[in-house]
Amino acid sequence: MTRADACAGILWAGATAYALFGGADFGGGFWDLVAGGAERGERPRAVIQRSLTPVWEANHVWLIFILVVLWTAFPPAFSAVMTTLYVPLALAALGIVLRGSGFAFRKSIEGLGGRRAAGATFAISSLLTPFFMGAVVGAVAAGHVPAAGDGDPFSSWLQPLPLLTGAMFVATGAYLAAVFLVGDAGRAGDEEMRRYFARRALVAAAVAGIAAAFGLVELHAETRYVFDRLVHEGLPLVILSALCGVGVLALLLAATRQAGAPRSRLLRPLAAGAVISVVWGWGVAQFPYLLPTSLTISGAAAPPDTLATVIVVFLFAAVLVLPALGLLYWLSQKEMLGE
Amino acid sequence: MPWLDPLPLAASASNLLAAREQMAFTLGFHIVLSCLGVALPATILVANYLGLKRGDDDAMELARRWSKAMAVTFAVGAVTGTVLSFEFGLLWPHFMDRFGSAFGIAFAIEGIFFFLEAIFLAIYIYGWKRLSGWAHFWSGVPMVITGIGGAFAVVAANSWMNQPQGFTLDAAGKVVDTNPVKVLFNPATGYEVPHMILAAYMVVGFLVASIYAVGMLRGRRDRLHRLGLLIPLTIACIATPIQLFVGDTAAREVADHQPAKFAGMECIQKTGTHQTEYVGGVCTSSGVKGAIPIPDLDSFLVGFSADTEVVGLADIPADERPPANTLLHLAFDGMVGIGSALLLLGAWFAFAWWRRRDIPRTPWFLRAVAISGAGAILALWAGWIVTEVGRQPWIVQGYMRTSEAVTDAGGIWFAFALTLALYAAIGTIAILILRAMSRRWRAGDAGPETPYAPPAEVAP
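Structure below.
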């Protein structure tokens with residue numbers, strides 16, 4: 001494996017972590033959005049708030065990690081994406097600002113009206129931000145970003161595959177969040193909320209699955225290279241993802257049916273496994289391209305010492321950041337963190 | 001999409017100006033919040049330490065309050081910082097394309113520091129209730145270290161733009177080889193990094209102290225307010241004299257390595273010895289108008305002798321001179337002037353403390369502290385203008401012009417207008433929230449627990 005390939009792997013590891021943690025974070029905002037009025041939505045919102053508050057900032061550092069690795073290790077790819085997809089990227093950045101400030105403000109702002117406005121800002125941007133990020137990823141995978149950059153700012157992403165990918169991002173985040181919240185509510189002994197989120201996880205899983213199926217059809221139409229590799233080299237990952245998805249569905253069905261169903265330790269790992277295998281399936285499918293089919297990993301790679309630095313930094317991150325992150329999640333799950 | 005063409009979305013020659021304004025505004029906004037991220041943790045931990053070690057409930061209460069305020073400012077700082085990483089690509093794609101492999105090195109390192117800071121900040125902010133006192137205190141210590149580390153990495157990247165090194169270009173101008181150590185430890189890192197970290201401690205110290213000075217001026221002279229003034233003011237007053245020394249060194253380094261920037265800062269037109277130092281005034285090509293001239297001082301400050309030669313703008317090619325000389329000059333003088341005033345304020349405080357173990361009795365002292373926070377922020381912005389506008393027309397000094405780096409994308413003015421409105425709203429709401437928090441603390445109310453639960457029913 002070359003240094004450039006290793007850096008691409010690091011990029012994908014960051015994307016995986018962001019899809020899992022950032023995705024679940026966006027999904028929490030999505031369920032907040034559809035929780036109903038102040039009275040009806042109070043209990044689910046409280047569960048969401050408790051789960052998100054201590055971890056949301058750390059969840060989003062993965063995005064910065066991805067951007068930094070991309071521009072340092074693969075500068076031409078970063079520039080090509082930025083000069084082509086600046087419309088959805090700027091909208092995603094707008095969503096990030098609205099979301100973060102809305103979330104931080106909504107519990108501190110004075111008056112119910114202000115809190116609702118901040119909360120609505122947080123929730124709506126939780127829907128829009130992953131949608132535009134998905135559109136960016138879909139446009140890259142579909143090969144709509146030329147290596148030289150300056151692709152069409154609209155037709156590069158206003159196409160079926162990028163838009164479907166956006167929808168898939170929203171649904172996947174909602175699905176992950178609901179699965180995590182099933183666990184959180186279960187641990188808190190809140191049976192009603194456990195079933196509430198289990199039902200929603202089922203719906204979100206179905207929507208994500210349908211979007212993925214249509215996405216495959218569109219992938220076939222828009223970029224044969226990626227499609228062919230996905231159903232050949234990427235096939236084991238596709239099958240793994242499907243198996244994880246079916247397992248999650250079975251566990252969720254059990255959770256919605258029986259009131260006192262035993263809590264399964266497998267639910268979260270299986271849900272995460274489904275997402276992880278999709279992210280890596282995408283990576284395998286477009287290998288060795290960063291921008292299919294115009295810019296390869298080695299063609300976009302920075303000089304060797306820069307790549308070595310990125311690898312060393314990643315090793316440091318693995319030694320320092322991952323245990324710290326584990327500590328944060330552990331404390332959060334042990335209910336040691338609260339306001 | 002032809003229907004969009006008549007709108008200001010169309011790309012235009014004014015992209016450079018729009019992109020620079022957008023970058024300046026968003027950075028100017030973020031830099032204040034990042035100062036809070038760098039220096040507020042240490043300020044909080046001092047109060048926390050006093051609270052634990054001496055059983056001082058007031059100090060403990062201050063630490064608790066400041067940590068709640070930090071939860072708000074860090075959240076806004078995290079999103080405005082994310083916006084900046086988008087802007088590198090959205091506004092300056094050709095810079096990132098050509099130099100991302102060198103410029104990015106520092107940011108890759110910054111990523112680790114920021115990650116760790118976000119993690120430990122979350123543990124500290126939300127760990128007040130359930131973690132034991134000292135475990136909680138120690139969970140906060142990494143915030144201080146990572147805050148400084150993150151500032152080092154980000155400012156090293158900026159230093160590199162001022163004094164780039166550690167890369168090899170091929171004939172086409174492409175970076176073909178890098179030396180990460182030389183990129184990180186470029187000649188400007190040595191003075192820019194401490195200058196910025198000290199600035200963060202000054203901004204936070206004076207800003208927090210100024211809030212309690214206003215409270216004391218309004219008659220709230222309890223022990224909590226006194227301590228709330230003393231802790232941050234002491235930190236700021238320790239940082240200030242070191243800062244003036246570092247800043248003085250920095251100015252001499254700039255005179256040596258970036259003569260165009262220095263000439264712009266000081267409005268020097270003709271190269272020569274015995275240069276006059278102009279305080280204030282308007283820069284014109286025939287010299288400074290309306291300034292207070294101090295003969296020979298500029299040469300003396302640069303080389304400790306009036307015979308030191310200082311390069312003037314006339315000897316710099318017209319297309320390599322920094323723009324907006326008056327702005328640059330006044331920003332530099334403003335920064336130095338405010339810094340010197342803050343030094344005097346610190347000396348006054350130190351003298352009174354030495355004589356009577358108390359702050360000066362006159363309300364003029366509290367009034368001075370009350371405006372010191374705003375003053376420190378103004379000095380911070382002025383310094384940032386000096387380093388950024390002073391480097392123009394270059395984005396990478398001597399290698400790439402800002403005009404070569406800018407995007408061809410349309411809609412930058414539109415995005416800038418939207419950003420102005422959005423950031424104005426966010427800034428206003430954040431300040432209103434912090435004020436409301438402070439009102440609630442005074443009223444002894446903990447505030448709402450769930451986001452927007454219906455109002456609690458009043459018992460009949």
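The listed protein sequences correspond, in order, to chains A and B.
The first sequence begins at 1 in the numbering used here and counts up one residue at a time.
The second sequence begins at 1 in the numbering used here and counts up one residue at a time.
The beta carbon of each residue, even a glycine, is placed where N, CA and C say it ideally should be.
Keep in mind it's a predicted model, so treat the numbers as computed, not measured.
Next on the checklist: What does DSSP give as the partner residue(s) for B:ASP177 in the beta ladder?
Outcome noted: Beta bridge pairing from DSSP links B:ASP177 with B:THR168.
Checklist entry - Does DSSP put A:LEU112 in a helix, a strand or coil? => result Note: A:LEU112 maps to helix in three-state DSSP.
Checklist entry - A:LEU320 touches chain B at which residues, Cβ-Cβ below 7 Å? => result Residues of chain B passing the Cβ test: ILE112 and LEU116.
Item to check | B:LEU90 at chain A interface by Cβ criterion, 8 Å | outcome: Closer than 8 Å to some Cβ of chain A, the Cβ of B:LEU90 qualifies, so yes.
Checklist entry - Is it right to say A:LEU315 is buried, meaning 16 or more other beta carbons lie within 10 angstroms of its own, or is it exposed? => result The residue in question, A:LEU315, is exposed, as its Cβ has fewer than 16 Cβ neighbours within 10 Å.
Checklist entry - Whose Cβ in chain B lies nearer than 7 Å to the Cβ of A:GLU110? => result Per Cβ cutoff of 7 Å: ALA436.
Checklist entry - Tell me the DSSP bridge mates of A:ARG229? => result According to DSSP, A:ARG229 bridges with nothing at all.
Checklist entry - Is the CB of B:PRO180 under 8 Å away from at least one CB in chain A? => result It does: the Cβ of B:PRO180 has a partner Cβ on chain A nearer than 8 Å.
Checklist entry - Counting only beta-carbon atoms, is B:LEU380 nearer than 8 Å to chain A? => result Chain A, which has no Cβ nearer than 8 Å to the Cβ of B:LEU380, makes this no.
Checklist entry - When you check each C-beta in the region 320–338 of chain A against every C-beta of chain B, which residues fall closer than 9 Å? => result Cβ contacts with chain B: LEU320, VAL321, ALA324, LEU325, LEU327, LEU328, LEU331, SER332, LYS334, GLU335, MET336, LEU337 and GLY338.
Checklist entry - Taking Cβ-Cβ distances shorter than 9 Å, what residues in chain B pair up with A:ILE297? => result The premise fails here: A:ILE297 is roughly 14 Å from chain B at the closest Cβ pair, so nothing lies under 9 Å.
Checklist entry - In chain A, which residues lie less than 7 Å from B:ILE105 when you measure between Cβ atoms? => result For a Cβ distance threshold of 7 Å, residue set THR72, THR306 and THR309 of chain A lies close to B:ILE105, ordered along the chain.
Item to check | N- and C-terminal bounds of the beta strand (DSSP E) containing B:CYS283 | outcome: That run of the beta strand (DSSP E) goes 282–284.
Checklist entry - Between which two residues does the alpha helix (DSSP H) harbouring B:GLY287 extend? => result For B:GLY287, no alpha helix (DSSP H) encloses it; the enclosing beta strand (DSSP E) starts and ends at 287–289.
Next on the checklist: Which same chain residues end up closer than 7 Å to B:LEU116 when comparing Cβ atoms and leaving out the 5 residues on each side of it in sequence?
Outcome noted: Here B:LEU116 has PRO142 and THR146 as same chain residues with Cβ atoms under 7 Å from its own Cβ, once five neighbours each way along the sequence are excluded.
Checklist entry - Using the rule of at least 16 other Cβ atoms within 10 Å of the residue's Cβ for burial, across every protein chain shown, is A:HIS60 buried or exposed? => result Answer is buried; the Cβ neighbour count reaches 16.
Next on the checklist: Would B:TYR124 and B:HIS136 be called neighbours here (beta carbons separated by less than 8 Å)?
Outcome noted: For the 8 Å CB-CB criterion, B:TYR124 and B:HIS136 form a contact.
Checklist entry - How close, in whole Å, do the beta carbons of A:ALA177 and A:PHE287 come, if the pair is a contact with beta carbons under 8 Å? => result Not confirmed; about 30 Å, so no contact.
Item to check | Residues sharing a beta bridge with B:TRP394, DSSP | outcome: B:ARG401, per the DSSP bridge assignment.
Next on the checklist: Could you compute how far the alpha carbon of A:VAL179 sits from the alpha carbon of A:VAL203?
Outcome noted: Approximately 11 Å between the Cα atoms of the pair.
Checklist entry - Taking 8 Å as the CB-CB cut-off, is B:HIS30 touching chain A? => result It does not; no Cβ of chain A falls within 8 Å.
Item to check | Min CB distance B:GLY100 to chain A below 8 Å | outcome: For B:GLY100, the answer is yes, since a Cβ of chain A falls inside 8 Å of its Cβ.
Item to check | Same chain, Cβ closer than 8 Å to B:VAL463, neighbours up to 5 away in sequence not counted | outcome: This structure cannot speak to residue 463 of chain B, because chain B is shown only from 1 to 460.
Checklist entry - Is any beta-carbon of chain A found at less than 8 Å from that of B:PRO93? => result So, interface residue.
Next on the checklist: Under DSSP, the beta strand (DSSP E) around B:GLU462 begins and ends at which residues?
Outcome noted: This structure gives no information on residue 462 of chain B, because the portion of chain B shown stretches from 1 to 460.
Checklist entry - Closer than 7 Å, Cβ to any Cβ of chain B: which residues of the region 18–45 of chain A, in chain order? => result Listed by position along the chain: ALA38, GLU39, GLU42 and ARG45.
Checklist entry - Does any C-beta atom of chain B lie closer than 8 Å to the C-beta of A:TYR86? => result So, interface residue.
Next on the checklist: Rounded to the nearest angstrom, what separates A:ALA123 and A:GLU42 at their Cα positions?
Outcome noted: C-alpha separation (whole angstroms): 14 Å.
Checklist entry - In terms of alpha-carbon separation, which member of A:LEU85, A:LEU127, A:GLY173 and A:TRP330 lies closest to A:GLY143? => result For A:GLY143, the closest alpha carbon among the candidates A:LEU85, A:LEU127, A:GLY173 and A:TRP330 is that of A:LEU85.
Checklist entry - Could one say the Cβ of B:SER85 lies closer than 8 Å to chain A's Cβ atoms, at least one of them? => result At a cut-off of 8 Å between C-beta atoms, B:SER85 counts as an interface residue with respect to chain A.
Next on the checklist: Looking at chain A, is there any beta carbon in it that lies within less than 8 Å of the beta carbon of B:VAL155?
Outcome noted: B:VAL155 does not count as touching chain A.
Next on the checklist: Output needed for B:LEU198: all residues of its chain with C-beta closer than 7 Å, excluding positions within five of it in sequence on either side, in chain order.
Outcome noted: Here the set comprises ALA239, ILE242, GLN243 and VAL246.
Checklist entry - Per DSSP, what kind of secondary structure is B:TYR201 in: helix, strand or coil? => result Of the three classes helix, strand and coil, the one that applies to B:TYR201 here is helix, per DSSP.
Item to check | Where the beta strand (DSSP E) containing B:TYR278 begins and where it ends | outcome: Here the beta strand (DSSP E) through B:TYR278 covers 277–279.
Checklist entry - Should B:LEU36 be labelled buried (16 or more other beta-carbon atoms within 10 Å of its own) or exposed? => result Buried.
Item to check | Ordered list of alpha helix (DSSP H) runs contained in the region 43–88 of chain A, each at least 4 residues | outcome: Entirely contained in the region 43–88 of chain A, the alpha helix (DSSP H) runs reaching 4 residues are, in chain order, 56–73 and 75–84.
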